[in-house]
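Asks: Residue numbers (the numbering used here), protein chains in the order written: chain A, 2 to 295; chain B, 529 to 1010. Built from N, CA and C at the ideal position, the CB exists for glycine as well. Pasting a structure here, questions to come.
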Amino acid sequence: MNILIAIGGKEYSKPTLDLGMKISNAFEATTTIAYVGKKISQFSEKDVSVVHQNLDDRELYRPGVRTLEWAYDFLQSKNYIEQQDNNITFNDHLLIDEENSRMRVLLKGNHSNKIDLILRTGEIIDQLRSEVEANNHDITIIGGGGNKGMHHKLVQFIDSSVMVVKNYSVNKKYKILLPVNNSLGSNKAIEIAQQFAKSKKLSVEIITVLENKPSDERLKNILAKTKKRFTNAGIRNTATVLEGNPIETVVKYAKDDSLVMLGVSPKNPILKYFFGSKPISIAQQCNCPVLIAK
Amino acid sequence: MLSFPDLLNKFGPMNESYKIISSSMLYWFSQKKWFVFSVLLAIFLLNLSTPIGLTVAGYHSLIILLMVFTLVTFEPIPFPAIALLTLVLQVLLGVAPPDVVAASFMNDAVLFVMGSLMFAIAIVHQGLDIRLAKVIIKMFGRNKRLFLAGLMTVSAILSSFLGEHTIIAIMLPIGLSVIKNVDTTQTDGKNAVLLTLFSVAYGTIIGSIGTPSGGARNVIMINYLQEFSNINIDYWEWMRHAYPILIVQLIVAYFVLQFAFPTTLKNIQIQGYKKKVAASNTKNNINHLFSSLIILFIVTSWFLFNEEFGLGIIALCGALIFMICGMVSWEVINKNTNWGVILLFAATISLGFQINDTGASSWMVEKFNGMLALMPESSLNLSWSFMAILTGLTANFFTSSATISLLGPMAIELQPSDISFALSAAIASGFSFLTVISSPTAMIIYSTGLVSTRTFFKVGLLMFTSSIAILYLMSKFYWVTL
Chain A
2 MNILIAIGGK
12 EYSKPTLDLG
22 MKISNAFEAT
32 TTIAYVGKKI
42 SQFSEKDVSV
52 VHQNLDDREL
62 YRPGVRTLEW
72 AYDFLQSKNY
82 IEQQDNNITF
92 NDHLLIDEEN
102 SRMRVLLKGN
112 HSNKIDLILR
122 TGEIIDQLRS
132 EVEANNHDIT
142 IIGGGGNKGM
152 HHKLVQFIDS
162 SVMVVKNYSV
172 NKKYKILLPV
182 NNSLGSNKAI
192 EIAQQFAKSK
202 KLSVEIITVL
212 ENKPSDERLK
222 NILAKTKKRF
232 TNAGIRNTAT
242 VLEGNPIETV
252 VKYAKDDSLV
262 MLGVSPKNPI
272 LKYFFGSKPI
282 SIAQQCNCPV
292 LIAK
Chain B
529 MLSFPDLLNK
539 FGPMNESYKI
549 ISSSMLYWFS
559 QKKWFVFSVL
569 LAIFLLNLST
579 PIGLTVAGYH
589 SLIILLMVFT
599 LVTFEPIPFP
609 AIALLTLVLQ
619 VLLGVAPPDV
629 VAASFMNDAV
639 LFVMGSLMFA
649 IAIVHQGLDI
659 RLAKVIIKMF
669 GRNKRLFLAG
679 LMTVSAILSS
689 FLGEHTIIAI
699 MLPIGLSVIK
709 NVDTTQTDGK
719 NAVLLTLFSV
729 AYGTIIGSIG
739 TPSGGARNVI
749 MINYLQEFSN
759 INIDYWEWMR
769 HAYPILIVQL
779 IVAYFVLQFA
789 FPTTLKNIQI
799 QGYKKKVAAS
809 NTKNNINHLF
819 SSLIILFIVT
829 SWFLFNEEFG
839 LGIIALCGAL
849 IFMICGMVSW
859 EVINKNTNWG
869 VILLFAATIS
879 LGFQINDTGA
889 SSWMVEKFNG
899 MLALMPESSL
909 NLSWSFMAIL
919 TGLTANFFTS
929 SATISLLGPM
939 AIELQPSDIS
949 FALSAAIASG
959 FSFLTVISSP
969 TAMIIYSTGL
979 VSTRTFFKVG
989 LLMFTSSIAI
999 LYLMSKFYWV
1009 TL
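The following block contains the structure:
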């Protein structure tokens, strides 16, 4: 499994990085940590590139490298990176220009080859989409800052599951909130939730929301099957049938200590673009991390 | 009755390939919406009747102008594509025949853009920042505030001759070196960082108005004046008009920055940097000596032979000498030169010529003067103010050279026999203090991640307003004495 963690400023990225690495560890995944630098106008892109090369020559960090250095130190402090040689520090790095607007930080010495540090420049959606396309990432994890439209576009245009990390506290004990239905995305969310819960020993609250049809046996069956699946896997769980508007109900049910994991909407992409979807609205309105599985 | 979403959902479950195609199309649309908008706008305008007093070719040239403004501002397609579209549309919409469009595509101003960009790459490649750092520390290193003032002054003087994109690339590493270890979590440290970066940036931006070779916009305006009004402005005459403005602006900028970023500068490390650059290397010394001689030769040639050979040819000579001497390779120049910008300038200058030749600029000026006639104030002052503020503001959202290549003909048309309008427009378009997209300097400073767009605008507003006032006073009271 490949996981992409997009980080921004140091002060806001700690929760994203921490939760991202927990998920990555749970799946024993290869992880890419990407910093996307500011978009440069076409008028100035070559001038900026020349200046950045100059900064490299003078051993002055180009923009973004300091954030990656901070991320590297954070991963080390939390033992997410296994480093054989303690004398190697981030200062011993090389920037490898791999393609247009993508640079890889190559650390000298022996490091875990499961973590890549990447520097990209440009419009964030465009860059993350390119990164996911080029490296087949399964989950993209991004902080909850920025505007709601950006999260909508991420879910819409990025070909991987998307997790928006909002209001996450490193020291808090979380529970997974898993709204289920009969969509393919929901099946994927169940798989992710099961593996993550098992690895991190988290309890799971499985819910299904009946909208208009209180006697929808199909959804009740899915709920029962999912509960059985988690019980068999030795994961503590509860299963609840709720009624009402799915968005309002899930948002109301989710607490500050919830990690919401749900499937992507099977709706027409054109409709989703102009009118949004239930999972997107839930991700925008919940005040906790939300993963939309694809 | 079914709503639109319900109607679409009635088509039943979607298969995977349809989802992929519609997703890709949506993504294309979301990325190219401004291109679609500009095309639809152009089609709409083409279907309206031509305004009275304007030729069909002139009307079409203005529609292309509007398209170019939209496309360059929002960048939905690459610059070379915008350039090619501009050329193709001029022929397809009957603005000018193919031969005329081709002929207007290349002139001395375009050669200057090409030459100065290549020359800049060659200069930056020589690593002159270390040499310059030594000089600046020796001259101004006694005191930290004096050092920053020196950094700003040297940036301005060099940028006035060699262009801002060259000098910011050389001066920024010096600025960043002295603030390398400043703690930006404290206000004092943060202000010290901003003061240093803005000193380099403002020095570079202000300097670019000083001589014709300071910026492509200056050369474009000189070219237009020659073509449209038969007025020749040489290197020295431009300097006589612009340099005093540069000096006053530098003094104002120094105080504006001290006011905007109060700091003790205690963490700035000049002595540490002095030790770092002190090491001498014979090979580098020889290289720097040769580079300085070539630069001196080119700047002197601009002074002495600009009328005879043109500024563009001389700039190309600079790049040529560096390449012949083996001091920079073609690969380095080819990799780092922004060919898209050269194509775009060539295309916009070509459009500028057609806007003038089709009478579109005269028509616009006529309409503009008609509006001014309704005002009680002296129309000359009003039209000057409007023109200077408009070009200054447009340049901040559209970049200065492109602004002058498109609005230059109209600025000249306002007062064809008076160079003060044309010069003011070119100089005002260099006041790129408001937005980070306005000039390479602003974008480079922004790209360090240490300066926010908001800070740039807040300080820039003060600087922009005072610069317009300085320009007005100078044109009113100083230029008339020349």
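#1: Applying a beta-carbon distance threshold of less than 8 Å, which residues of chain A neighbour residue 974 (chain B)?
#2: So with CB distances below 9 Å, who are the chain A contacts of residue 607 (chain B)?
#3: So, under 8 Å CB-CB, residue 976 (chain B) and residue 586 (chain B) are touching, yes? Tell me the CB distance rounded to an integer number of Å.
#4: Thinking just about the alpha-carbon of each residue, which of A:53, A:293, A:18 is nearest to the one in residue 187 (chain A)?
#5: Expressed to the nearest angstrom, what Euclidean distance is found between the alpha-carbon atoms of residue 701 (chain B) and residue 61 (chain A)?
#6: Buried or exposed, going by whether 16 or more other CB atoms sit within 10 Å of the CB of residue 287 (chain A)?
#7: Would the segment 762 to 769 of chain B and the segment 712 to 723 of chain B be scored as touching if the rule is three or more Cβ pairs under 8 Å?
#8: Use the C-beta contact count for residue 753 (chain B): other C-beta atoms within 10 angstroms, 16 or more gives buried, fewer gives exposed.
#9: Which residues in the same chain as residue 1 (chain A) place their Cβ atom closer than 6 Å to its Cβ, once the five residues preceding and following it in sequence are excluded?
#10: Alpha carbons only, please: which of B:647, B:588, B:583 is nearest the one belonging to residue 862 (chain B)?
#11: Which residue or residues does DSSP assign as beta-bridge partners of residue 155 (chain A)?
#12: Got a sec: which bits of the segment 147 to 159 of chain A sit with their beta carbon under 8 Å from any beta carbon on chain B, in order along the chain?
#13: Take the Cβ of residue 74 (chain A) as the centre, count every other Cβ of all protein chains shown within 10 Å, and call the residue buried at 16 or more, exposed below.
#14: Please classify residue 1002 (chain B) as buried or exposed, where buried requires at least 16 other C-beta atoms within 10 Å of its C-beta.
#15: Would you call the segment 664 to 680 of chain B and the segment 947 to 956 of chain B touching, i.e. three or more CB-CB distances under 8 Å?
#16: Given a cut-off of 8 Å on the beta-carbon distance, is the pair residue 141 (chain A) and residue 133 (chain A) in contact?
#17: Taking C-alpha atoms, which residue in B:740, B:987, B:831 lies nearest to residue 640 (chain B)?
#18: Could you round the C-beta distance between residue 209 (chain A) and residue 224 (chain A) to whole angstroms and report it? I think they count as a contact, below 8 Å.
#19: Could you check if residue 540 (chain B) is buried or exposed, using at least 16 other CB atoms within 10 Å of its CB as the buried criterion?
#20: If you reduce the DSSP assignment to three classes, tell me which class residue 671 (chain B) lands in.
#21: Using only alpha-carbon positions, find the residue among B:778, B:745, B:787, B:1000 that is nearest to residue 644 (chain B).
#22: Would you please verify whether the beta carbon of residue 59 (chain A) is less than 8 Å from any beta carbon of chain B?
#23: How many Å lie between residue 266 (chain A) and residue 705 (chain B) at the Cα?
#24: For a contact meaning CB atoms closer than 7 Å, what does residue 869 (chain B) contact in chain A?
#25: Just to confirm my understanding: we take residue 242 (chain A), look at its own chain, exclude 5 residues before and 5 after, and list those with CB closer than 7 Å. What are they?
#26: In chain order, what residues of the same chain lie with their CB nearer than 6 Å to the CB of residue 710 (chain B), ignoring the 5 residues before and after it?
#27: Check residue 768 (chain B) in the structure and name its three-state DSSP category.
#28: Could you please give me the residues that DSSP links to residue 36 (chain A) through a beta bridge?
#29: Pull up the DSSP beta-bridge partners for residue 105 (chain A), would you.
#30: Using three-state DSSP, classify residue 585 (chain B) as helix, strand or coil.
#31: Rounded C-beta distance between residue 289 (chain A) and residue 263 (chain A)? I'm assuming under 8 Å.
#32: Could you check whether residue 924 (chain B) and residue 963 (chain B) sit closer than 8 Å to each other, using their CB atoms as the reference points?
#33: Determine the DSSP secondary structure at residue 941 (chain B), reduced to helix, strand or coil.
#34: Under a three-way DSSP split, which group does residue 209 (chain A) fall into?
#35: Whole angstroms are fine: how far does the CA of residue 295 (chain A) sit from the CA of residue 230 (chain A)?
Replies: Reading from the atomic positions:
#1: 39
#2: 43, 44
#3: Wrong, their Cβ atoms sit about 44 Å apart, outside the cutoff.
#4: A:293
#5: 8 Å
#6: buried
#7: no
#8: buried
#9: Because chain A is modelled from 2 through 295, residue 1 (chain A) falls outside the range shown and cannot be assessed.
#10: B:647
#11: Paired residues: none, contrary to the question.
#12: 154, 157, 158
#13: exposed
#14: buried
#15: no
#16: yes
#17: B:740
#18: 5 Å
#19: Confidence at residue 540 (chain B) is low in this model, with a pLDDT of 49, below 50, so the placement of that residue should be treated as unreliable; the coordinate-derived value is given next. It is exposed - the Cβ of residue 540 (chain B) has fewer than 16 other Cβ atoms within 10 Å.
#20: coil
#21: B:745
#22: yes
#23: 51 Å
#24: 44
#25: 209, 211, 221, 224
#26: 717, 720, 721, 795
#27: helix
#28: A:8, A:120
#29: A:97, A:119
#30: helix
#31: The Cβ separation is near 12 Å, so there is no contact.
#32: yes
#33: helix
#34: strand
#35: 20 Å
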